[in-house]
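Below is one structure; the comments refer to it alone.
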């Protein structure tokens with residue numbers, strides 16, 4: 008009896024010792040780990056999502072919101088936990104079957120699957136109705152999505168936001184950092200109902216910093232009109248693609264950047280042809296064709312080597328490096344003026360301008376190439392980024408000291424071949440040629456809307472450099488005005504307005520060679536009241552696989568329509584006689 | 017508590033027939049101190065508990081208000097989207113009002 012009591016005592020003491028040792032481990036040795044586990048149980052740390060900034064466009068003088076945020080809900084069903092019939096009947100009672108993205112039979116076909124998205128894009132009232140059903144295995148997940156006031160308008164300019172909340176392409180992609188803002192942190196003690204409690208000394212609340220509300224310089228009325236006239240042009244020419252831009256030549260603000268076809272940014276995942284995501288006027292460098300004669304002529308005039316009245320002998324072709332470089336227009340053989348050369352877009356005239364630059368009327372020389380490169384690259388900015396806020400290509404231009412800087416290449420460069428440029432590069436340089444000679448960095452951002460709703464209009468950009476003299480610019484305006492004589496005679500250009508422009512038809516390169524079977528039609532021009540500096544510059548491009556699009560036949564009518572719209576929209580009053 | 021009476025008769029001639037009363041220390045007993053301390057701790061505890069509950073009640077109220085704010089913000093966003101769509105160019109252009117408007121006529125200028 009005594010032994011048993013003794014044994015029991017020893018056992019009890021051992022048990023107590025065990026408990027004490029365990030307590031020692033829990034409270035002393037594993038203290039931090041247990042505290043962490045406890046905190047994990049009742050301290051919740053979550054991210055306070057920053058609101059993505061909205062995107063505005065201009066509506067005349069005022070900004071209007073075009074891309075907004077919306078909260079939507081998805082119904083997630085766990086087929087293993089959810090009761091098939093009850094879930095189906097109850098959810099169907101509050102949500103029509105058309106709102107479901109999955110069929111009920113599919114959802115419950117595999118009971119081992121734990122996650123099935125049954126419906127998307129539910130509004131708050133719809134989500135509340137589903138929540139009130141309190142069904143087992145039915146959950147609601149909140150998502151932020153973008154909403155587009157103008158539907159598909161300017162889709163390739165705006166881009167989209169993917170499922171991870173990251174901006175892709177266009178403004179959403181290029182300005183993602185500004186638009187995203189910074190997420191905040193919420194760390195708080197919660198009770199059993201998961202309600203955040205204010206007690207506890209480890210609560211942390213760092214508020215989110217919402218993204219910037221960006222105001223684009225794009226005017227939604229001009230953008231809409233540009234897309235409309237491009238659509239008309241595509242229908243007339245049965246083209247597959249068209250792109251256009253409108254800008255203010257006096258400060259580089261872009262008013263419209265259009266690409267057709269467009270796409271629905273809320274259904275970006277359903278897009279089959281990824282080329283619709285490309286913002287062609289900025290991201291795609293191509294050979295712009297004869298529009299470049301504007302620049303080769305401006306260079307020669309600026310160097311005092313030619314005037315519109317300067318004549319040369321047009322044989323219909325010039326041999327360069329044993330290559331016969333011909334005119335597209337076969338007439339006007341003999342002595343012609345440079346103005347006629349521009350009017351009929353003679354390649355021989357622009358090659359003559361290059362020879363004039365070199366000071367040798369019989370051949371293209373190094374001095375001519377050096378000067379042309381200086382104008383093209385250093386002054387007009389070809390082969391370099393324009394600095395616009397969006398993704399852009401820098402294009403390609405061959406330097407005169409490069410191994411492949413053949414005379415024939417430079418001859419081609421005078422009429423827009425052998426050089427790759429983006430539309431925004433061409434339009435920005437063209438603006439400087441016609442606005443008095445000042446080059447402005449193109450911009451699509453006009454300002455921002457502050458959190459108090461106030462519009463902060465950024466300062467107008469200052470001119471970066473002078474490309475040509477004011478006198479050269481004046482001469483070039485007259486020359487470009489002269490090339491549109493036919494349009495005025497047809498009554499397309501209204502009296503009292505000074506509208507000039509230049510066509511460009513560029514051959515596509517197929518399998519490494521220029522193709523006559525596929526060409527791109529281009530047109531660039533300016534407009535103003537008579538006696539005034541240009542108020543707008545419009546550039547148009549139209550093309551399609553296997554199609555022969557021409558500058559005069561296919562692109563110029565689009566310019567005509569858009570130019571007429573701009574005169575009305577800007578309320579330009581007709582000027583003196585012209 | 018006990019009073020001590022000391023007779024000074026015969027010891028001081030000047031205070032003859034006079035009793036002197038000496039009052040000793042009359043403090044709380046040990047048990048009383050404990051009870052009072054216990055009560056004080058209890059009261060402080062109760063105050064703490066009621067304040068905590070009150071704070072938690074506020075937390076619940078805050079949670080409800082947060083939920084309501086979230087709901088209203090969501091509704092506001094939906095309405096803003098709706099307003100933007102209704103005032104969009106596409107909507108305006110395809111409206112019945114626009115459809116019934118006559119085409120613009122070419123007009124001349126007085127000074128031309």
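Residue numbers (our numbering), protein chains in the order written: chain A, 8 to 585; chain B, 17 to 128.
From the three backbone atoms N, C-alpha and C, an ideal C-beta is built for every residue, glycine too.
Comparing the C-beta of residue 157 of chain A with each C-beta of chain B, is any distance below 8 Å?
-> Numbered from 1 along the first chain, position 150 holds the residue referred to as residue 157 of chain A. Yes - at least one Cβ of chain B is within 8 Å of the one on residue 157 of chain A.
**Item:** Per-residue contacts from residue 130 of chain A into chain B (C-beta, under 7 Å)
**Value:** Walking along the first chain from the start, residue 130 of chain A turns up at place 123. Correct list: 94.
Could you please give the first and the last residue of the uninterrupted beta strand (DSSP E) stretch that includes residue 509 of chain A? Translated into the one-based positions of the first chain, residue 509 of chain A becomes position 502. In the DSSP assignment, residue 509 of chain A falls within the unbroken beta strand (DSSP E) covering 504–517.
In the DSSP assignment, find the beta strand (DSSP E) that holds residue 248 of chain A and state where it starts and stops. The count along the first chain starts at 1 and reaches residue 248 of chain A at position 241. Start and end: 248–254.
**OP:** Can you grab the Cα-Cα spacing for the pair residue 217 of chain A / residue 279 of chain A, in whole Å?
**Re:** Against the first chain, residue 217 of chain A aligns to sequence position 210. Against the first chain, residue 279 of chain A aligns to sequence position 272. For the pair residue 217 of chain A and residue 279 of chain A, the Cα-to-Cα distance works out to about 33 Å.
Subject >> residue 381 of chain A versus residue 474 of chain A - alpha carbon distance >> reply: Residue 381 of chain A sits at position 374 when you count from the first residue of the first chain. Residue 474 of chain A sits at position 467 when you count from the first residue of the first chain. Those two C-alpha atoms are separated by around 10 Å.
* **Cβ pair residue 57 of chain A, residue 215 of chain A closer than 8 Å** => Position 50 of the first chain holds residue 57 of chain A. Position 208 of the first chain holds residue 215 of chain A. Contact: yes.
| said: Quick check: the stretch 439–456 of chain A against the stretch 467–485 of chain A, are at least 3 beta-carbon pairs closer than 8 Å? | reply: Three or more pairs of CB atoms, one per stretch, sit closer than 8 Å, so the stretch 467–485 of chain A contacts the stretch 439–456 of chain A.
Considering Cα atoms alone, identify which of A/11, A/33 and A/103 is closest to residue 45 of chain A. Here the question's residue 45 of chain A lines up with position 38 in the first chain. For the residues A/11, A/33 and A/103, the minimum Cα distance to residue 45 of chain A belongs to A/33.
Could one say the Cβ of residue 326 of chain A lies closer than 8 Å to chain B's Cβ atoms, at least one of them?
Taking the first chain and counting its residues from 1, the one referred to as residue 326 of chain A is at position 319. Cβ-Cβ to chain B under 8 Å: no for residue 326 of chain A.
* Asked: Buried or exposed: residue 565 of chain A, going by 16 or more other Cβ atoms within 10 Å of its Cβ?
  -> Residue mapping note: residue 565 of chain A aligns to position 558 of the first chain, counting from 1. That one is buried.
Does DSSP put residue 28 of chain A in a helix, in a strand, or in coil? Taking the first chain and counting its residues from 1, the one referred to as residue 28 of chain A is at position 21. Residue state, collapsed to three classes: helix.
Worksheet item: Whose C-beta lies closer than 6 Å to the C-beta of residue 400 of chain A among residues of the same chain, with five residues either side of it excluded?
Response: Mapped onto the first chain, residue 400 of chain A falls at position 393. Excluding positions up to five away in sequence, the list reads 290, 292 and 429.
Own chain, CB closer than 6 Å to residue 374 of chain A, minus 5 neighbours either side, in chain order
As a working note, residue 374 of chain A is residue 367 in the first chain. The beta carbon of residue 374 of chain A sits closer than 6 Å to the beta carbons of 365 from its chain, once the five residues preceding and following it are set aside; these are given in chain order.
- If residue 124 of chain A and residue 83 of chain A are in contact, beta carbons under 8 Å, what's the gap, nearest whole angstrom? In the first chain, counting from the first residue as 1, residue 124 of chain A sits at position 117. In the first chain, counting from the first residue as 1, residue 83 of chain A sits at position 76. A Cβ-Cβ distance of about 6 Å is found for the pair residue 124 of chain A and residue 83 of chain A, placing them in contact under the 8 Å criterion.
Exercise for review: For residue 99 of chain B, count neighbouring Cβ atoms within 10 angstroms of its own Cβ and tell me buried if that reaches 16, exposed if not.
Suggested key: One-based indexing of the second chain puts residue 99 of chain B at position 83. Counting of Cβ neighbours within 10 angstroms places residue 99 of chain B among the exposed residues, the total staying below 16.
Using the beta-carbon count (16 or more within 10 Å), is residue 234 of chain A buried or exposed? In the first chain, residue 234 of chain A corresponds to position 227, counting from 1. So residue 234 of chain A ends up on the buried side.
**Report entry** Contact list for the stretch 73–100 of chain A against chain B, Cβ threshold 7 Å
**Finding:** Residues of the stretch 73–100 of chain A with a C-beta less than 7 Å from any C-beta of chain B: 75, 76, 77 and 78, listed in chain order.
Query raised in the report: Ordered along the chain, which non-local residues of its own chain (more than five positions away) have a Cβ less than 6 Å from that of residue 6 of chain A?
Result: This structure gives no information on residue 6 of chain A, because the portion of chain A shown stretches from 8 to 585.
Note to self: Please classify residue 113 of chain A as buried or exposed, where buried requires at least 16 other C-beta atoms within 10 Å of its C-beta.
What the structure shows: Walking along the first chain from the start, residue 113 of chain A turns up at place 106. Burial call: exposed.
Should residue 69 of chain B be flagged as near chain A, meaning a C-beta pair shorter than 8 Å?
Position 53 of the second chain, counted from the first residue, corresponds to residue 69 of chain B. So no, residue 69 of chain B is outside the interface.
Outcome for residue 424 of chain A when other beta-carbon atoms lying within 10 angstroms are tallied against a minimum of 16: Along the first chain, read from residue 1 onward, the residue named residue 424 of chain A stands at position 417. Here residue 424 of chain A is buried: its Cβ has 16 or more other Cβ atoms, across all protein chains shown, within 10 Å.
For residue 422 of chain A, report the span of its beta strand (DSSP E) as first-last. The sequence position of residue 422 of chain A within the first chain is 415, counting from 1. From DSSP, residue 422 of chain A is part of no beta strand (DSSP E); its letter is neither H nor E.
Practice problem: Label residue 355 of chain A either buried or exposed according to how many other C-beta atoms from any shown protein chain fall within 10 Å of its C-beta, with 16 as the threshold for buried. | Solution: One-based indexing of the first chain puts residue 355 of chain A at position 348. With at least 16 other beta carbons inside 10 angstroms of its own, residue 355 of chain A counts as buried.
* beta strand (DSSP E) containing residue 154 of chain A: first to last residue? -> As a position in the first chain, residue 154 of chain A is number 147, starting the count at 1. For residue 154 of chain A, the enclosing beta strand (DSSP E) starts and ends at 145–155.
**Request:** Give me whichever residues DSSP pairs with residue 80 of chain A in a beta bridge.
**Result:** The count along the first chain starts at 1 and reaches residue 80 of chain A at position 73. In the DSSP secondary-structure assignment, residue 80 of chain A is bridged to A/129 and A/149.
Open item on the list: 8 Å is my cut-off, CB to CB: does residue 64 of chain A come that close to chain B?
Closed with: As a first step, residue 64 of chain A must be located in the first chain, where it is residue number 57. Interface annotation, residue 64 of chain A: not in contact with chain B, CB-CB separation never under 8 Å.
Measure the C-alpha to C-alpha separation of residue 81 of chain B and residue 258 of chain A and round it to an integer number of angstroms. Stepping through the second chain from its first residue, residue 81 of chain B is reached at position 65. Stepping through the first chain from its first residue, residue 258 of chain A is reached at position 251. Distance between the alpha carbons of residue 81 of chain B and residue 258 of chain A: 49 Å.
Thinking C-alpha only, which one of A/178, A/181, A/89 and A/192 is nearest residue 145 of chain A? As a first step, residue 145 of chain A is located in the first chain; it is residue number 138 there, counting from the start. Distances from the alpha-carbon of residue 145 of chain A to those of A/178, A/181, A/89 and A/192 put A/89 closest.
Compute the Euclidean distance between the alpha carbons of residue 192 of chain A and residue 229 of chain A, then round it to the nearest angstrom. To locate residue 192 of chain A, count along the first chain from 1; it is residue 185. To locate residue 229 of chain A, count along the first chain from 1; it is residue 222. Going from the Cα of residue 192 of chain A to the Cα of residue 229 of chain A covers about 42 Å.
Any C-beta of chain A sitting closer than 8 Å to the C-beta of residue 65 of chain B? In the second chain, residue 65 of chain B corresponds to position 49, counting from 1. So no, residue 65 of chain B is outside the interface.
Distance between beta carbons of residue 361 of chain A and residue 303 of chain A, contact taken as under 8 Å
Within the first chain, numbered from 1, the residue matching residue 303 of chain A stands at position 296. Within the first chain, numbered from 1, the residue matching residue 361 of chain A stands at position 354. The beta-carbon separation of residue 303 of chain A and residue 361 of chain A, rounded to 6 Å, stays under the 8 Å limit for a contact.
So which residues on chain A does residue 91 of chain B lean against when the C-beta distance must stay under 8 Å? On the second chain, residue 91 of chain B is found 75 positions in, with the first residue counted as 1. Here the neighbours are 131.
Residues near residue 5 of chain A by beta carbon distance below 7 Å, same chain, minus five either side: Any property of residue 5 of chain A remains undetermined from this structure, which presents chain A solely from 8 to 585.
* **4 or more residues per run - each alpha helix (DSSP H) lying fully within the stretch 208–252 of chain A** => As far as the stretch 208–252 of chain A is concerned, its whole alpha helix (DSSP H) runs of at least 4 residues are 227–244.
Closest Cβ-Cβ distance between residue 101 of chain B and chain A: below 8 Å?
Walking along the second chain from the start, residue 101 of chain B turns up at place 85. Closer than 8 Å to the CB of residue 101 of chain B there is at least one CB belonging to chain A.
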